[in-house]
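Enquirer: Structure in structure tokens, see below.
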Amino acid sequence: DTGVSQDPRHKITKRGQNVTFRCDPISEHNRLYWYRQTLGQGPEFLTYFQNEAQLEKSRLLSDRFSAERPKGSFSTLEIQRTEQGDSAMYLCASSLLSTGELFFGEGSRLTVL
Amino acid sequence: QQQVKQSPQSLIVQKGGIPIINCAYENTAFDYFPWYQQFPGKGPALLIAIRPDVSEKKEGRFTISFNKSAKQFSLHIMDSQPGDSATYFCAATPQTSGSRLTFGEGTQLTVNP
């Protein structure tokens with residue numbers, strides 16, 4: 001499978017715990033995006049990388065959120081001190097710089113109890 | 114300025130019907146307009162996209178109509194099938210923003226047999 005891969009697919013955690021999600025983009029794609037989707041809503045942009053550089057962060061990305069793409073390949077999204085409002089699907093997407101067409105992974109669903 | 118408004122919220126048609134989903138935008142800098150299809154528990158999948166230099170694009174049973182002056186675009190699904198039942202999202206981006214997509218709120222389509 002050469003699509004965007006996300007892990008874990010589902011994470012249940014208690015409020016206050018830290019969680020980390022991983023995204024492996026399509027191998028030749030140099031852009032990587034994180035979005036958040038709540039039930040019944042469209043995806044909302046969080047941040048994106050071009051190679052290893054984080055080029056933009058949304059105001060939705062509070063200080064408790066951090067994303068990295070250390071070698072320009074896979075990326076991690078960490079949420080510290082989770083809150084119930086963080087419960088959502090976290091989607092990763094990747095694209096080629098030349099086309100701008102985003103290909104999404106199947107998402108990591110977070111449930112904060 | 115960044116909003117994309119989508120309607121209707123839900124749509125039910127009979128097999129063979131032609132559902133139409135509409136989107137309107139405000140930001141005149143938007144120059145790439147994709148549509149995504151999402152099944153429950155899956156990530157969004159790119160369906161078809163259009164740039165404002167054309168007024169219509171067809172791919173198989175899916176057609177985008179684009180009205181630049183009205184800042185509106187719509188998705189038509191010809192000969193709809195029960196397998197088309199899914200949530201559809203329009204999106205838009207100024208490609209100079211790194212292809213950061215702004216999504217509509219989604220339309221839940223049900224195609225009855």
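So the protein lines, in turn, are chains A and B. Going by the numbering used here, the letters in the first sequence line up with residues 1 to 113, in that order. Going by the numbering used here, the letters in the second sequence line up with residues 114 to 226, in that order. For glycine and all other residues, C-beta sits at the position ideal for the given N, C-alpha and C.
Note down, in chain order, every chain B residue with its Cβ under 7 Å from the Cβ of A/Y52.
Expert: Here the sequence assigns Glu to residue 52 of chain A, which means Tyr is not the residue at that position. Chain B residues near A/E52: none, gap ~15 Å exceeds 7 Å.
Enquirer: A/Q84 by DSSP, collapsed to three states: which one?
Expert: Here A/Q84 sits in helix by DSSP.
Enquirer: Of all Cβ atoms in chain A, is any one closer than 8 Å to the Cβ of B/Q185?
Expert: No - not a single Cβ of chain A is within 8 Å of the one on B/Q185.
Enquirer: Would you list the one or two residues that DSSP bridges to B/N180?
Expert: Looking at the DSSP assignment, B/N180 forms a beta bridge with B/Q185.
Enquirer: Assuming A/Y35 is part of the beta strand (DSSP E), what are its boundary residues?
Expert: That run of the beta strand (DSSP E) goes 31–37.
Enquirer: In its own chain, which residues sit with a C-beta less than 6 Å from the C-beta of B/K118, not counting the 5 before and 5 after it?
Expert: So the list reads A137, once near-sequence residues are dropped.
Enquirer: Where does the unbroken beta strand (DSSP E) through B/K128 begin, and where does it stop?
Expert: No beta strand (DSSP E) contains B/K128, which DSSP labels as neither H nor E.
Enquirer: Thinking just about the alpha-carbon of each residue, which of B/N225, B/S198, B/L214, B/S212 is nearest to the one in B/Q151?
Expert: Of the listed residues, the one whose Cα sits closest to B/Q151 is B/S198.
Enquirer: For the beta strand (DSSP E) containing B/N227, name the first residue and the last one.
Expert: Chain B is shown from 114 up to 226; residue 227 of chain B falls before or after that span and cannot be answered.
Enquirer: Taking the CB atoms as reference points, tell me whether B/F179 and B/L188 lie closer together than 8 Å.
Expert: No. Outside cutoff.
Enquirer: Quick check: the Cα distance between A/D86 and A/G3, rounded to an integer number of angstroms?
Expert: Answer to the nearest angstrom: the Cα atoms are 26 Å apart.
Enquirer: Below 8 Å CB to CB, which residues in the same chain sit around B/T223 once its five sequence neighbours on both sides are set aside?
Expert: The residues are S123, L124, I125, V126, S198.
Enquirer: Starting from the beta carbon of A/A95, find every residue of chain B whose beta carbon is closer than 7 Å, and list them in chain order.
Expert: Looking at the sequence provided, one finds Ser at residue 95 of chain A rather than Ala. Going along chain B in sequence order, the residues near A/S95 (Cβ under 7 Å) are S212.
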